[in-house]
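Undergrad:
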Amino acid sequence: MNRREFVALMGVLGLGGLTACGGEPDVSGSFDGDVLVIGAGAAGMSAAHFLERAGVNVTVLEAGPAHGGRIKTVRDFVDFPIPLGGEWLHTDATELDALVDRTDHGITMAAYKPTDETGYWSGGEYTLETEDPDSDLKFVGRTWLDVFDEFIVPSIADRMRFGVVVDTVDHSGDRIVVTAEDGSTYEADRLVVTVPIVALRDQMTFTPDLPEEMRTTLDEADVWGGFKAFVEFDEQFYPTTLVLDGKNTDDGQHIYYDASYGQDSDRKVLGMFSVGTGSEPYREAQAEGRLIELILADLDPIFDGRPSATYVQHIHQDWNAEPHIHMAYLADNADWQTPRRLSNPIDDRIFFAGSSYIKTIDGWSMVHLAARAGREAVDQILS
Ligand SMILES: Cc1cc2nc3c(=O)[nH]c(=O)nc-3n(C[C@H](O)[C@H](O)[C@H](O)COP(=O)(O)OP(=O)(O)OC[C@H]3O[C@@H](n4cnc5c(N)ncnc54)[C@H](O)[C@@H]3O)c2cc1C
Numbered sequence: 002m003n004r005r006e007f008v009a010l011m012g013v014l015g016l017g018g019l020t021a022c023g024g025e026p027d028v029s030g031s032f033d034g035d036v037l038v039i040g041a042g043a044a045g046m047s048a049a050h051f052l053e054r055a056g057v058n059v060t061v062l063e064a065g066p067a068h069g070g071r072i073k074t075v076r077d078f079v080d081f082p083i084p085l086g087g088e089w090l091h092t093d094a095t096e097l098d099a100l101v102d103r104t105d106h107g108i109t110m111a112a113y114k115p116t117d118e119t120g121y122w123s124g125g126e127y128t129l130e131t132e133d134p135d136s137d138l139k140f141v142g143r144t145w146l147d148v149f150d151e152f153i154v155p156s157i158a159d160r161m162r163f164g165v166v167v168d169t170v171d172h173s174g175d176r177i178v179v180t181a182e183d184g185s186t187y188e189a190d191r192l193v194v195t196v197p198i199v200a201l202r203d204q205m206t207f208t209p210d211l212p213e214e215m216r217t218t219l220d221e222a223d224v225w226g227g228f229k230a231f232v233e234f235d236e237q238f239y240p241t242t243l244v245l246d247g248k249n250t251d252d253g254q255h256i257y258y259d260a261s262y263g264q265d266s267d268r269k270v271l272g273m274f275s276v277g278t279g280s281e282p283y284r285e286a287q288a289e290g291r292l293i294e295l296i297l298a299d300l301d302p303i304f305d306g307r308p309s310a311t312y313v314q315h316i317h318q319d320w321n322a323e324p325h326i327h328m329a330y331l332a333d334n335a336d337w338q339t340p341r342r343l344s345n346p347i348d349d350r351i352f353f354a355g356s357s358y359i360k361t362i363d364g365w366s367m368v369h370l371a372a373r374a375g376r377e378a379v380d381q382i383l384s
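Take any residue in the sequence shown, count from 1 to its spot, add 1: that is its number in this note's numbering.
1. What are the uninterrupted segments assigned as alpha helix (DSSP H) that are 4 or more residues long and contained completely in the region 170 to 206, given in chain order?
2. Should Gln264 go down as buried or exposed, given a rule of 16 or more other Cβ atoms within 10 Å for buried?
3. The alpha helix (DSSP H) that contains Arg54, what's its start and end?
4. What residues match up with Ser275 in a beta bridge as DSSP calls it?
5. So what does DSSP say about Gln318, is it helix, strand or coil?
6. Helix, strand or coil for Glu285? Go by DSSP, reduced to three states.
7. Contact defined as beta carbons within less than 8 Å: I believe Asp259 pairs with Tyr239. What is the distance between those atoms, to the nearest angstrom?
8. Do you know offhand how far Cys22's Cα is from Thr361's?
9. Does DSSP classify Met328 as helix, strand or coil?
10. Let me check understanding here. Comparing Cα to Cα, which of Val270, Ala310, Leu370 and Arg191 lies closest to Gly34?
11. How far does the beta strand (DSSP E) with Ser123 in it extend, from its first residue to its last?
12. Measure the alpha-carbon distance for Ser357 versus Asp203 and round it to whole angstroms.
13. Looking only at its chain, what residues have a beta carbon closer than 6 Å to the beta carbon of Gly279, apart from the 5 residues adjacent to it on each side?
14. Got a sec: is the Cβ-Cβ distance from Ser344 to anything in chain D below 7 Å?
15. Is any heavy atom in ligand 1 found nearer than 6 Å to the beta carbon of Gly86?
16. Take every Cβ of the region 50 to 68, pair it with every Cβ of the region 146 to 160, and state whether three or more of those distances are shorter than 8 Å.
17. Is the beta carbon of Trp145 sitting closer than 7 Å to the one on Gly107?
18. Am I right that Pro308 and Leu297 are in contact with their C-beta atoms under 8 Å? What's the rounded C-beta distance?
19. Do you know how far the Cα of Arg176 is from the Cα of Ser275?
20. Just the C-alpha distance for Ala99 and Gln381, rounded to the nearest angstrom, thanks.
21. In angstroms, rounded to a whole number, what distance separates the CA positions of Phe207 and Arg216?
22. Please confirm if the region 101 to 117 is in contact with the region 58 to 77, defined as three or more CB-CB distances below 8 Å between the two stretches.
23. Taking DSSP's pairing of strands, which residues face Ile351 in a bridge?
24. Does the contact criterion of 3 or more C-beta pairs under 8 Å hold for the region 130 to 140 versus the region 88 to 95?
25. Run the proximity test for Arg71: is its beta-carbon closer than 6 Å to any non-hydrogen atom belonging to ligand 1?
26. For Val170, does the count of other Cβ atoms within 10 angstroms reach 16, so buried, or fall short, so exposed?
27. Please return the same chain residues whose Cβ sits closer than 8 Å to the Cβ of Val13, not counting the five positions on each side in sequence.
28. Going by the CB atoms, is the gap between Asp319 and Arg373 shorter than 7 Å?
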C-alpha cells in the first residue's frame, strides 16, 4: 500500500487527520531536563514550541541560515508569497487548530471548485475536463512558512541557533553530547532529531550507532528528488491543473497548476510541481541554463505559442541541490511501515520526528504530519 492508497483508506475509515491523537501534548509528567532539537523545519519548530510551552529548556540547532526547511518561501517574485516546497494543506482545515495551538487563528484557505478545469495533453490532443475537486486546500496570502512565522516562531525565536551543522551524536554517557561541524558541542538529557532522512543516513554519526532496524530502514527507504518552478505570464491561457501524458508515473508526479489560485492578485503565475524521476529533466535543464526553454517547450504546443509570447519571468527550486536537505520526500510508493519504523525512539532519550518519522501514521511527506510528529515527540518526552 502506498502513501496515496494509505491516505485514501484512512479517509474511508474516517481516520484521516487524526487531530485528537496529535492534539494537546500531555504536560502532566515531571520532566525537567534540557532538550536539543536538530532541525528547524515544521517538525523541529513544532516540537520546540510545545516544549517551550511546557516550560522545558529547549535549544534548536539548525544547519541552514534560516528556519523553515522544506517550507521555504519567496516573497519578492509577485504580490503574494510563493511556496517553494510544501504548498497545500492535505487534510481538513481543523488540523490547523492543533498545529498552531489555537482556534482563533483566522487563516484563510481556498478550496477547489467543481467547475475548475483540468487540462490533459495526450498524443497531441488537448482536452479539458471538470472532475470532483481535489480536497487539498491552498493558503490565501500566506504560505506554510507564514503560518509558522505567525503562530509558532514568536515563542521559540530566541531558542534557535543557525549555521550549526550537527555531525555527531554521542549518547553513550548520562548526557547526550551533540557535536557540530565547527567543533562546537551541545549537551542535553533528551534529543529530538528532525533532519531529512538523507541527512540522517549519510551525514550524521551516532555513538552507539543507530539500531540495526533503523539503519536497514534508512538504507532501503525510497526517496524522491524534487523540483518546483513558477512562471509568470501576461495572460492566463492555462486551466487550474494541467497534466501532460507520460509525465505522471508510479515513480513520480508532475503537474502544472494555477499558482495564483484563490489569491487576491491579478498576477498570472503557473506553478510546476515535479517529484521523482519526472523531475530529473528539469534539474538537468536548470543546471545547463535552459530551464525556461524546456518549460515553454512543454507548453507552447498545447497553447499555440501563447506561453512564449506572454512569458514574463520565472523562479525555481531544486530540492536535491538544497544544502542540508538533498531530497524532496519519502516516495509516495514507499513501504507504509517506513515512517513508523523510523519514529522508534532510542532508549526513550532520542526521538525522531518529521515527515518521514511518524508514530501515529495516516500518511507521510506532509507538513501537518511533520508538525504533528513534533508534538508527539514532546508528548513522549513529557509523559
Ligand atoms: C517540492 C515539494 C512539495 C511539497 N508539497 C507539499 C504540500 O503541498 N503539502 C504538504 O503538506 N507537504 C508538501 N511537501 C512536504 C513538506 O514540505 C515536508 O514534508 C515538510 O516540510 C518536512 O518538514 P520536516 O520538519 O520533517 O523536515 P525539514 O523541513 O526538511 O526540516 C529539517 C531541517 O533540518 C535541517 N538539517 C539538516 N541536516 C542538519 C544537520 N546536520 N544539523 C542541523 N540541522 C540540519 C535542515 O536544514 C532543515 O531545516 C512538499 C515537499 C517538497 C520538497
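Yeah, the Cβ is synthetic: ideal placement off N, Cα and C, and Gly gets one too.
TA: The short version:
1. The region 170 to 206 is shown to contain whole alpha helix (DSSP H) runs of 4 or more residues at 198 to 204, in chain order.
2. Around the Cβ of Gln264, a 10 Å sphere holds 16 or more other Cβ atoms; the residue is buried.
3. Judged by DSSP secondary structure, Arg54 falls within the alpha helix (DSSP H) whose first and last residues are Ala43 to Arg54.
4. Looking at the DSSP assignment, Ser275 forms a beta bridge with Phe228 and His255.
5. In this structure, DSSP gives Gln318 an extended state, which the three-state scheme calls strand.
6. Correct three-state label for Glu285: helix.
7. A Cβ-Cβ distance of about 7 Å is found for the pair Asp259 and Tyr239, placing them in contact under the 8 Å criterion.
8. Annotation note: pLDDT 38 at Cys22 (below 50); position unreliable, coordinate value reported separately. Pairing Cys22 with Thr361, the inter-Cα distance amounts to about 7 Å.
9. Three-state result, Met328: coil.
10. Of the listed residues, the one whose Cα sits closest to Gly34 is Arg191.
11. Where Ser123 is concerned, the enclosing beta strand (DSSP E) stretches over Glu118 to Ser123.
12. For Ser357 and Asp203, the distance between alpha carbons rounds to 15 Å.
13. So the qualifying residues of the chain are Lys248, Gly253 and His255.
14. The structure shown contains no chain D; it holds only a single protein chain.
15. Result yes, Cβ under 6 Å from ligand 1.
16. Three or more beta-carbon pairs drawn from the region 50 to 68 and the region 146 to 160 are found closer than 8 Å, and the two stretches are therefore classed as touching.
17. For Trp145 and Gly107, no; Cβs fall outside 7 Å.
18. Right, their Cβ atoms sit about 5 Å apart.
19. Here the C-alpha atom of Ser275 lies approximately 43 Å from the C-alpha atom of Arg176.
20. About 17 Å.
21. Near 11 Å, if we compare the C-alpha coordinates of Arg216 and Phe207.
22. Contact fails: fewer than three Cβ-Cβ distances are below 8 Å.
23. According to DSSP, which records beta bridges pairwise, Ile351 is partnered with Leu192 and Ile347.
24. By the Cβ rule, the region 130 to 140 counts as touching the region 88 to 95, because three or more pairs are nearer than 8 Å.
25. Here the distance from the Cβ of Arg71 to the nearest heavy atom of ligand 1 is below 6 Å.
26. Buried.
27. With a pLDDT of 46 at Val13, under the threshold of 50, the modelled position of that residue is not reliable, and the figure given next carries that caveat. Once the five neighbours on either side are set aside, Val13 has no close Cβ partner at all.
28. Contact: no.
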